[in-house]
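Asks:
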Ligand code: NIG
Ligand code: FE
């Protein structure tokens, strides 16, 4: 079949102006209530009002028609921050947190991320692959057609490469586009507890070159936080990664305001993620430098922390993206509809801002905007059909995913 015409669709899509959508632009979607989408070779050929789209079908084309039955059609979600490659869940730790033990205290006692590190060391690559595949398949059912997956539970060369190999295999075998990220600086390994600088040196001298030689991850991330890595250590690692041609990002100001947002601005990072505690000045510096603010409301929800200040960020010109943070500790969810619901109801984002935060802006944050993030001509036909009248259904039908059909490159996959 040559072309596919998806007709009778109520289409909502971000408008890609060549940069992440910021300020008022983040509140503006293109809307075609009697819309159609023409797809050829997995790519969008035309989108808009149905008669205009039909007029663009080449006379010689064979066309398969599919009706969307007047339902809402939006781009597939892009989840730009996940740790869904891990070995075992940490449900008992969740219960410990419910009883009042803080997240960083559990880590300081050798639990948390460090317990996931032990479990990954004891796992084979194929087991990590299976767990990650299950999470990615679940994310697909919730409408995630593109996602980032980090390493970070290895913390030594062998186990970081093992994680990246599992993620790399998944990216070749699964339906979604996957962007792997190297997060070797996720926690200080116990052997380096007294000398984290030596671990940063190891990352720079040995681990980064090994990751590049493996050729799977082209992004580098670090967790800058009290009791984990300092801003200065972040600066050293990410500067080295940049000089090797990697794109950089960081876990910034998640629990304490260390100045991670300022470092992201200084380095021209693709994104700074979390930002619950980031200062006004550093957020303004990020806006000036064009860094995407990736917010993870399911993490604030699970850690019972105040949400990141999305309104302040958008009002100050910062492009905001949303992510699940899917991980066994601070946020165990694959559901972008849940994240969008939290953003709308608890971070005062409009449905339009949240949809752009779940599609176009994260596509920019992970370097995928040329292919995905909006239904623009030339991009992949990755889209979702929602059981609702508009993107507001994502918050309105609380706790329920309104994603009823998922299409990747024009093919129905759910
Ligand atoms: O983004 N903060 C650091 N990393 C993750 C949590 C990872 C874990 O607890 O396993 C986060 O919240
Ligand atoms: Fe994270």
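In the numbering used here, the protein residues as written are 1012 to 1425. Don't be surprised by glycine CBs; every beta carbon is placed ideally from N, CA and C. Source: prediction; values computed, not measured.
Note down, one range per segment and in chain order, each beta strand (DSSP E) of at least 3 residues found wholly within the segment 1012–1087.
Replies: 1014–1025, 1040–1051, 1054–1060, 1074–1078, 1083–1086
Asks: Using 10 angstroms around the beta-carbon of residue 1216, count the other beta-carbons present and answer buried if the total reaches 16, otherwise exposed.
Replies: Numbered from 1 along the chain shown, position 205 holds the residue referred to as residue 1216. Burial call: exposed.
Asks: Tell me which residues share the same chain as residue 1253 and place their Cβ nearer than 6 Å to its Cβ, disregarding the 5 neighbours each side in the sequence.
Replies: Indexing the chain shown from 1 puts residue 1253 at position 242. Answer for residue 1253: 1259, listed in chain order.
Asks: Going by DSSP, what residues sit across from residue 1147 in a beta bridge?
Replies: For the purposes of this step, residue 1147 is taken as the residue at position 136 of the chain shown. Residue 1147 pairs with nothing; no bridge assigned.
Asks: Spatial neighbours of residue 1203 within its chain, please: CB distance less than 7 Å, with the 5 preceding and 5 following residues excluded, ordered by chain position.
Replies: Residue numbering aside, residue 1203 sits at position 192 when the chain shown is read from its first letter. So the qualifying residues of the chain are 1209, 1210.
Asks: Quick one: is residue 1069 buried, meaning 16 or more other Cβ sit within 10 Å of its Cβ, or exposed?
Replies: Translated into positions along the chain shown, residue 1069 becomes position 58. Residue 1069 should be labelled exposed.
Asks: Identify every residue that forms a DSSP beta bridge with residue 1188.
Replies: Walking along the chain shown from the start, residue 1188 turns up at place 177. Residue 1188 is bridged to 1157.
Asks: Using a Cβ-Cβ cutoff of less than 6 Å, which residues in the same chain neighbour residue 1062 once the five nearest sequence positions on both sides are dropped?
Replies: Reading the chain shown from its first residue, position 51 is the one you call residue 1062. Taking residue 1062 as the centre and dropping the five residues before and after it, the same chain places no C-beta closer than 6 Å to its C-beta.
Asks: Am I right that residue 1412 and residue 1342 are in contact with their C-beta atoms under 8 Å? What's the rounded C-beta distance?
Replies: For the purposes of this step, residue 1412 is taken as residue 401 along the chain shown, with counting starting at 1. For the purposes of this step, residue 1342 is taken as residue 331 along the chain shown, with counting starting at 1. Actually they do not touch by this definition, with Cβ atoms about 17 Å apart.
Asks: Could you give the first and the last residue of the continuous beta strand (DSSP E) run that contains residue 1394?
Replies: Counting from one through the chain shown, the residue named residue 1394 turns up at place 383. Residues 1394–1397.
Asks: Should residue 1120 be listed as close to the ligand FE, given that the test is whether its C-beta is under 8 Å from any heavy atom?
Replies: On the chain shown, position 109 is the one that residue 1120 refers to. It does not: the Cβ of residue 1120 is nowhere closer than 8 Å to a heavy atom of the ligand FE.
Asks: For residue 1109, which of helix, strand or coil comes out of DSSP?
Replies: If you number the chain shown from 1, residue 1109 lands on position 98. Helix at residue 1109.
Asks: List in chain order: all unbroken beta strand (DSSP E) runs of 3+ residues lying wholly within the segment 1249–1332.
Replies: 1258–1263, 1282–1285, 1303–1306
Asks: With distances taken from CA atoms, which of 1355, 1257, 1246 is nearest residue 1224?
Replies: Numbered from 1 along the chain shown, position 213 holds the residue referred to as residue 1224. Taking only the C-alpha atoms, the option nearest residue 1224 is 1257.
Asks: Would you kindly check if the distance between the Cβ of residue 1083 and the Cβ of residue 1398 is under 9 Å?
Replies: Translated into positions along the chain shown, residue 1398 becomes position 387. Translated into positions along the chain shown, residue 1083 becomes position 72. Yes.
Asks: Under 6 Å Cβ to Cβ from residue 1288, same chain only, skipping five residues before and after it: list those, please.
Replies: The residue given as residue 1288 occupies position 277 in the chain shown. Only 1264, 1267, 1268 meet the Cβ criterion.
Asks: Beta-carbon separation of residue 1323 and residue 1366 under 9 Å?
Replies: For the purposes of this step, residue 1323 is taken as residue 312 along the chain shown, with counting starting at 1. For the purposes of this step, residue 1366 is taken as residue 355 along the chain shown, with counting starting at 1. Not closer than 9 Å, so no.
Asks: Can you check whether the CB of residue 1130 is closer than 9 Å to the CB of residue 1098?
Replies: Stepping through the chain shown from its first residue, residue 1098 is reached at position 87. Stepping through the chain shown from its first residue, residue 1130 is reached at position 119. With contacts defined as CB atoms closer than 9 Å, residue 1098 and residue 1130 qualify as a contacting pair.
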